[in-house]
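J.: Quick one: the structure is below, and I'll ask about it shortly.
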Amino acid sequence: MKVSIDMKSGKIAETSTKDIIAGIDLGTTHSLIAYIDNQGQPQTVKTGDGKQSLTPSIIHFDERGQLIVGEVAKQYLISQPERTIFSVKRLMGKSYNDISEFRSSLGYEIIDNDNDSLVKINVDNQFYSPIELSAEILKSLKIDAEKALGTNITKAVITVPAYFNDAQRQATRDAGKLAGLDVLRIVNEPTAASLAYGIGIDRNQSMNIAVYDLGGGTFDISILHIEDGIFEVLSTHGDTFLGGDDFDRAIVQYWTRILNLNDIKLQNDAALGQSLRIAAEQAKKAVCSHNVYEGKVYDYLLKLDESTFNELAFSLVDKTIDSCKKAVQDAKLAITDINKVILVGGSTRIPLVKERLSKFFEQTPDDSMNPDEVVALGAAIQADILAGNRKDILLLDVTPLSLGIETVGGLMDSIITRNAKVPHRAARQYTTSIDGQKNLRISVFQGERDLVAHNRKLGEFTLRNIPPMPAGIPKIEVQFLLDADGILTVKAKELRSGTETSVEIKSAYSISEEEMAKMLLDSIRNAASDVNQRALLEAINEANNLVLSADKFVVQNASILSKEEVESIVSLNGSLKNAIKNQNKNDIESAMQALNVYTTPLAHKALDQNIQHALKSTTIS
Numbered sequence: 015m016k017v018s019i020d021m022k023s024g025k026i027a028e029t030s031t032k033d034i035i036a037g038i039d040l041g042t043t044h045s046l047i048a049y050i051d052n053q054g055q056p057q058t059v060k061t062g063d064g065k066q067s068l069t070p071s072i073i074h075f076d077e078r079g080q081l082i083v084g085e086v087a088k089q090y091l092i093s094q095p096e097r098t099i100f101s102v103k104r105l106m107g108k109s110y111n112d113i114s115e116f117r118s119s120l121g122y123e124i125i126d127n128d129n130d131s132l133v134k135i136n137v138d139n140q141f142y143s144p145i146e147l148s149a150e151i152l153k154s155l156k157i158d159a160e161k162a163l164g165t166n167i168t169k170a171v172i173t174v175p176a177y178f179n180d181a182q183r184q185a186t187r188d189a190g191k192l193a194g195l196d197v198l199r200i201v202n203e204p205t206a207a208s209l210a211y212g213i214g215i216d217r218n219q220s221m222n223i224a225v226y227d228l229g230g231g232t233f234d235i236s237i238l239h240i241e242d243g244i245f246e247v248l249s250t251h252g253d254t255f256l257g258g259d260d261f262d263r264a265i266v267q268y269w270t271r272i273l274n275l276n277d278i279k280l281q282n283d284a285a286l287g288q289s290l291r292i293a294a295e296q297a298k299k300a301v302c303s304h305n306v307y308e309g310k311v312y313d314y315l316l317k318l319d320e321s322t323f324n325e326l327a328f329s330l331v332d333k334t335i336d337s338c339k340k341a342v343q344d345a346k347l348a349i350t351d352i353n354k355v356i357l358v359g360g361s362t363r364i365p366l367v368k369e370r371l372s373k374f375f376e377q378t379p380d381d382s383m384n385p386d387e388v389v390a391l392g393a394a395i396q397a398d399i400l401a402g403n404r405k406d407i408l409l410l411d412v413t414p415l416s417l418g419i420e421t422v423g424g425l426m427d428s429i430i431t432r433n434a435k436v437p438h439r440a441a442r443q444y445t446t447s448i449d450g451q452k453n454l455r456i457s458v459f460q461g462e463r464d465l466v467a468h469n470r471k472l473g474e475f476t477l478r479n480i481p482p483m484p485a486g487i488p489k490i491e492v493q494f495l496l497d498a499d500g501i502l503t504v505k506a507k508e509l510r511s512g513t514e515t516s517v518e519i520k521s522a523y524s525i526s527e528e529e530m531a532k533m534l535l536d537s538i539r540n541a542a543s544d545v546n547q548r549a550l551l552e553a554i555n556e557a558n559n560l561v562l563s564a565d566k567f568v569v570q571n572a573s574i575l576s577k578e579e580v581e582s583i584v585s586l587n588g589s590l591k592n593a594i595k596n597q598n599k600n601d602i603e604s605a606m607q608a609l610n611v612y613t614t615p616l617a618h619k620a621l622d623q624n625i626q627h628a629l630k631s632t633t634i635s
């Protein structure tokens, strides 16, 4: 036990030393971290400024190659788009071919030297994987939580869209590991959202729930059955490339069409493209509040009204409704069997979304909780369950895509079918096609197509030393074990001889153990310098704000400041500017303190004089 003293009351309070298991929503647009407080309630952690929970999922590389994450990084989207990375979640577990349509909307460079490998982002000829960049976002959340809660955060539950495939789930787990987190569970976002809404807490409750999750970059719809505290995912459907970013892109395409801007001009002017994207996001929010948007980018006048936006958005929303239809069908339910529809993700604020959902499900969706926070809060509850604090809730997820192996002729033979409950074990027997065959290559795929060429290859291994027998005689059992995180282990055994082998399928889009080990070692070696660098960057940001404030103060109050006072402020501000330039944290803090000490009484004097002047100028009739 730790003993702490409440400085206001003087009372001694005991606080538990038990580890906090964080719940993390690693989002496309924003990310956030949550925990269970001493009263057993889920709470989100405020970011570094202590004002909001949402951290923009944006990473900026400054000229020295140092990383900046979050709100400060967002400021560079227009001025330095080639060095500012956003929507990295959409790149998780993806090859270059997977993102061919999406990459044109990015301001940064994605290398294309290998179409079938994990995408890499190029910044100053340094190449970064989405896993590494996601790890930096997770590190930032981890640091914010540790500062706010006053304890180390080493364990976490991280959420993913229900429709994330094995490659994307593995990539998310790898990112958590790289960030120094023991990832206890990868949880589907819809399941987490249901927990946050308190569904299933009442063990006498029996109901079917539709969770509609439309975020910044992904969409999924899940149908859950809750009974006796057991969460059973009946079906899931969705699109990992459909979200708020796509609504923004539709607006940008509309504007470029109206303004006769071609793709070449946009590709050659990344700042223009980013400016239009940011303006599109602002326009979307404006028209969703039933306002007409009017703005300007460079010399281009931009307009958008609600009617036009609805026309642009209709096909995208229609795609989500099609997914809802398929999910309900897969769950073998009728629309009238759905007792409740809950909304998750910031894009559910779009009125057209609510309108179409209400019509399809024949009921008004529940949006009583903050759609941006609900997943993280649910992840914290799941973490609490794993910690053993809630024994009355059991979660049963499903796999979103079928898992199988390649058979003769390039056919896909599904061993675990789509929407099978997780964890899950299944096996099937095969044989050889060649006399005396000693080795059998087993290639594992994920997808719904009949030909493996149309599905995603997850990995392969070879069963060796099969006793030579005529074709068709060996009995080879291939067993799939899918764990609670959606990670697949495959075993192969020749039943007559007992020859066997097994492998944990680390997707071809995952990070290797060697790379992981090297990165982890580098992170350990550079932990101290990373902390120091973050502290320096925070100090520089604060100092730059103070420099601007001091300059503004002199201009606004020139009439009431003496020549000596102006000169002193300018001199102290100059010292602060030099300290910023020299990148010395202690010097920066000292210079800030000196400037604050000198200007504070002057600010009070200026305020008093301005008030007196205002009172004198007031006339009473």
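This note's numbering applies: residue 15 is where the sequence shown begins, and numbers increase by one.
Where a beta carbon is used, it is the ideal one built from N, C-alpha and C, also for glycine.
Is the stretch 312-324 touching the stretch 375-385, taking contact as three or more C-beta pairs under 8 Å?
T.: The stretch 312-324, when compared against the stretch 375-385, does not touch it at the 8 Å Cβ threshold.
J.: With burial defined as no fewer than 16 other Cβ atoms inside 10 Å of the residue's Cβ, what is the status of H44: buried or exposed?
T.: H44 is buried by the Cβ-count criterion.
J.: Would you list, in sequence order, the uninterrupted beta strand (DSSP E) runs of no fewer than 3 residues that lie entirely inside the stretch 469-505?
T.: The qualifying runs are 470-477 and 490-496.
J.: Once the 5 residues before and after Y90 are set aside, which same chain residues still bring their CB inside 7 Å of it?
T.: These residues qualify, in order along the chain: H74, R97 and T98.
J.: Is it the case that the stretch 610-620 contacts the stretch 575-583, given that we only count it when at least three CB pairs across the two stretches are under 8 Å?
T.: Contact between the stretch 575-583 and the stretch 610-620 is present, because at least three Cβ pairs lie under 8 Å.
J.: Might you give, ordered along the chain, the residues of its own chain that have their beta carbon closer than 7 Å to the beta carbon of N555, omitting 5 neighbours on each side?
T.: Correct list, in chain order: V86.
J.: Hey, quick one: how far does the alpha helix (DSSP H) through K153 stretch, first residue to last?
T.: P144 to L163 is the extent of the alpha helix (DSSP H) around K153.
J.: Determine the direct distance from the alpha carbon of F328 to that of T413, and round the result to whole angstroms.
T.: Near 29 Å, if we compare the C-alpha coordinates of F328 and T413.
J.: Mind checking R719: buried by the 16 CB within 10 Å criterion, or exposed?
T.: For residue 719 there is no data in the structure shown, the boundaries of the chain being 15 and 635.
J.: Below 8 Å on the Cβ atoms is my contact criterion, and I expect I47 with D398 to pass it. Report the Cβ-Cβ distance as a whole number of Å.
T.: That pair is no contact at about 14 Å.
J.: By the 10 Å Cβ neighbour count, where 16 or more other Cβ atoms means buried, how is I135 classified, buried or exposed?
T.: Burial call: buried.
J.: DSSP three-state label for D76, please.
T.: It is coil, neither helix nor strand.
J.: Leaving out five residues before and five after M530 in sequence, what residues of the same chain have Cβ atoms less than 8 Å from its Cβ?
T.: Residue placement at M530 is flagged as unreliable, the pLDDT there being 49, under the threshold of 50; the coordinate-derived value follows with that caveat. Contacts found: D188, K191 and L192.
J.: Residues in its own chain within less than 6 Å of T362 by CB, not counting five upstream and five downstream?
T.: Excluding residues within five positions, the ones whose Cβ falls inside 6 Å are L228 and P385.
J.: Going by other Cβ atoms of all chains shown within 10 Å of its Cβ, with 16 needed for buried, is P615 buried or exposed?
T.: That one is exposed.
J.: In the structure shown, what three-state DSSP assignment does A620 receive?
T.: Residue state, collapsed to three classes: helix.
J.: What separation, rounded to the nearest whole angstrom, lies between the Cα atoms of T205 and A553?
T.: Going by the C-alpha atoms only, they are around 40 Å apart.
J.: If we count the other Cβ atoms within 10 Å of its Cβ and call it buried at 16 or more, is T476 buried or exposed?
T.: When all chains shown are included, T476 counts as exposed.
J.: I'd like to know whether the C-beta atoms of T168 and L195 end up nearer to each other than 8 Å.
T.: Yes, the Cβ-Cβ distance between T168 and L195 is below 8 Å.
J.: With C-beta atoms as the reference, is A162 less than 8 Å away from K60?
T.: Result yes, Cβ atoms of A162 and K60 sit closer than 8 Å.
J.: What residue range is occupied by the uninterrupted alpha helix (DSSP H) comprising I574?
T.: Here I574 belongs to no alpha helix (DSSP H), and DSSP marks it neither H nor E.
J.: Considering only residues of the same chain and omitting the five flanking positions on each side of Q219, which have a CB-CB separation below 8 Å?
T.: Around Q219: I213, I240 and E241.
J.: Would you decide whether Q460 is buried or exposed? Buried here means 16 or more other CB atoms lie within 10 Å of its CB.
T.: Buried: at least 16 other Cβ atoms inside 10 Å.
J.: Under the rule that 16 or more other beta-carbon atoms within 10 Å means buried, what is R263, buried or exposed?
T.: Its Cβ being crowded by 16 or more others within 10 Å, R263 is buried.
J.: For G79, tell me which candidate among Q53, L40, Y142 and F100 has the shortest Cα-Cα distance.
T.: Among Q53, L40, Y142 and F100, the Cα nearest to that of G79 is on Y142.
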